[in-house]
Amino acid sequence: MKKKITVPDILACKGKNKVPTMITCYDYTNAKLVDESDIDMILVGDSMGMTMMGYNGTVGVTLDDIIYHTKHVVAGAPNTFVIGDMPFGSYNVSIEDAIRSANRIFMEGGCDCVKLEGGTEVAPIIKAIVNAGIPVCGHIGLTPQTVAMMGGFKVQGKSLEAAQELLDSARAIAEAGAFMVVLEGIPAVVANAITEKANIPTVGIGAGAGCDMQVLVAQDLLGMNEWVPKFVKKYVDLHSIVIGAYNEYVKESNERVFPSEPYQYNAKIEGIENLK
Ligand code: KIV
């Protein structure tokens, strides 16, 4: 059985070959599968807005949604480090409000840390949550909660100036006490520079292989959707496998092939033919 990793384990992974790997997960059944695998970290991400709720972004996900899903993931994955995502609106009103939101995710969700999006401007919020006793993971680059400000889901950090801003943000987040930072949707060269120069473990998604660790959305890597972003590798084509299984079930039900003998309950009941 795998041993649950800790914040110090993650901090110590910088520059190592064997590092923890992260995936998103939003429910008990899938959390159990992740827990049995070699994956060390689960992100209960606000990407649940798209993967579980059918929204076209993450902004509609609420604090109660995150707590609900985190609770059930934690129940299914006792040996996996679980990160609860702070949704839009849960940390942009005041520092007190941000601590209150983080407390709820940490206490009611039962996770091991929280994650929040933003660069240098959120450093005081990160510092306050860390000082309140909750480990924090940062998230910079393409930050889905603020795509409205970015003009859509676009790769970030494509100029020298923008790359410097991202590096400054990673340093500010580290200085504020975050123990790792997600780098999303940025050129690999920029992610490499941040990973090398900022004193904090990096987790890449659409940021190349040079990051300390990687994270992917489970539905993407499992091939549950036909379309996936450029940076996603489908490790299996569950879309075809699941639809194939559903259609086979329909066919066998129609043909009265299923349920065959092994799938029935049997009983000898004298006089069953005389039922009125
Ligand atoms: O919500 C999420 O799944 C995320 C990942 C894309 C990093 O933030």
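Following the numbering used here, the numbering of the sequence shown begins with 227 at its first residue and continues without gaps.
C-beta: ideal position from N, C-alpha, C; glycine also.
- Counting only the Cα atoms, V287 lies some 7 Å from F314.
- Residue pairing by DSSP puts G430 in a beta bridge opposite L409, Q440.
- Out of C363, I351, P350, the CA that lies nearest to the CA of L237 is found in C363.
- Relative to the ligand KIV, even the nearest heavy atom lies 7 Å or more away from the CB of S327.
- Contact between K258 and I309 is ruled out by a C-beta separation of about 18 Å, above the 8 Å threshold.
- Of the residues assessed, Q490 falls on the exposed side of the cut-off, its CB having fewer than 16 other CB atoms within 10 angstroms.
- Short note on V407: C-beta not closer than 7 Å to any heavy atom of the ligand KIV.
- Collapsing the DSSP output to three states places F332 in a helix.
- Relative to the non-hydrogen atoms of the ligand KIV, the Cβ of V299 never comes closer than 7 Å to any of them.
- The Cβ neighbour count for V300, taken over all protein chains shown within 10 Å, is at least 16; the residue is labelled buried.
- Runs of alpha helix (DSSP H) with 4 or more residues, each lying fully within the segment 342 to 404, are found at 349 to 357, 373 to 376, 386 to 401, listed in chain order.
- Rounded to whole angstroms, the separation of the alpha carbons of E474 and K494 is 31 Å.
- In the three-state reduction of the DSSP assignment, I309 falls in the strand class.
- Spanning the alpha carbons of M267 and V443 requires a straight line of approximately 12 Å.
- Counting only runs of at least 4 residues, the segment 252 to 325 fully encloses the following alpha helix (DSSP H) elements, listed from N- to C-terminal order: 254 to 262, 274 to 277, 289 to 302.
- The beta carbon of G434 sits closer than 7 Å to those of A414, A417, N418, all from its chain and outside the five residues before and after it, given in chain order.
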